[in-house]
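According to the numbering used here, the residues represented by the sequence shown are 11 to 170, in order. Don't be surprised by glycine CBs; every beta carbon is placed ideally from N, CA and C.
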Amino acid sequence: MIVMIAAVAENNALGKNNELVWHLPNDFKRFKTLTSGHYIIMGRKTFESFPKPLPNRTHIVISRQEEYQPEGCIIVDSIEKALDICPRNETTYIIGGGEIYNLGLPFTDKIEITRVHNSFEADAFFPEIDLEEWEIIESVFNTKDEKHLYDYTYQTFSRK
């Protein structure tokens with residue numbers, strides 16, 4: 011199963027200058043829980059936004075730079091090649107950024123969104139989720155608190 015996972019603002023913003031524009035510790039915990047032990051597919055800029063590779067995950071990085079070879083990663087030049095490397099009988103996560111989400115959407119079976127209830131200035135955006143093709147199968151609202159400046163909702167979408 012191919013699953014996209016992202017934290018997305020009301021205006022579909024993902025981030026600006028290769029950084030998230032909000033801080034939601036519970037979302038980081040959920041991301042870690044869901045993706046640990048799995049293959050994760052991302053673009054080069056998303057990979058470079060991490061201080062180091064994420065533990066207990068197989069990193070597949072999509073890059074057009076032929077000489078790009080960070081340690082401990084599998085480098086490919088297309089979403090199709092990235093998906094071909096992943097085991098068919100396991101869940102694979104597409105983790106961003108905006109361009110990779112657009113490329114991966116046709117191959118995706120499920121989308122895990124943390125919808126941040128605010129709009130932000132951004133330079134990377136998640137693709138529009140077409141409700142003719144997708145249905146929400148789970149939705150859990152979370153209220154802002156001392157560690158979370160914004161209300162947010164975990165939404166799980168399944169392809170119809």
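Are residue i and residue j close, meaning C-beta to C-beta below 7 Å?
i    : j    : result
K42  : D133 : no
P137 : L115 : yes
D94  : R74  : no
H158 : L34  : yes
F5   : L64  : Shown here, the chain extends from 11 to 170; a query on residue 5 therefore has no answer.
Compare the C-alpha of residue i against each of the options and name the closest.
i    : options                  : result
S129 : D161, K157, F151 and L44 : D161
L141 : I51, I121, A23 and I50   : I121
A16  : K154, H158 and V126      : V126
V150 : I123, W32 and R98        : I123
E20  : D155, K154, M14 and E131 : E131
When DSSP labels each residue in this structure, what does residue i get in the three-state scheme?
i    : result
A92  : helix
T45  : helix
L113 : helix
T56  : helix
F151 : strand
Quick one: what's got a C-beta closer than 6 Å to residue i's C-beta in the same chain, skipping five residues either side?
i    : result
D119 : M11, I12 and R169
Please work out which residues of its chain come closer than 8 Å, Cβ to Cβ, to residue i, disregarding the five sequence neighbours upstream and downstream, and give them in chain order.
i    : result
H48  : R67, T68, E100, T101, T102 and Y103
I147 : T166, F167 and S168
M52  : H69, I70, V71, I72, I104, I105, G106, G107 and I110
W144 : I121, F167, S168, R169 and K170
If contacts are defined as beta-carbon pairs under 8 Å, then residue i and residue j qualify, I think. What distance do you get, rounded to the angstrom?
i    : j    : result
N22  : N152 : That belief does not hold up - the Cβ atoms of N22 and N152 are roughly 19 Å apart, past 8 Å.
K62  : N28  : At roughly 15 Å, the Cβ-Cβ gap does not stay under 8 Å, so K62 and N28 are not in contact.
C96  : F57  : Actually they do not touch by this definition, with Cβ atoms about 16 Å apart.
L113 : I85  : That belief does not hold up - the Cβ atoms of L113 and I85 are roughly 16 Å apart, past 8 Å.
Would the beta-carbon of residue i be found less than 6 Å away from any heavy atom of the ligand HEM?
i   : result
A92 : With respect to the ligand HEM, the structure shown offers nothing to examine, as it has no ligands at all.
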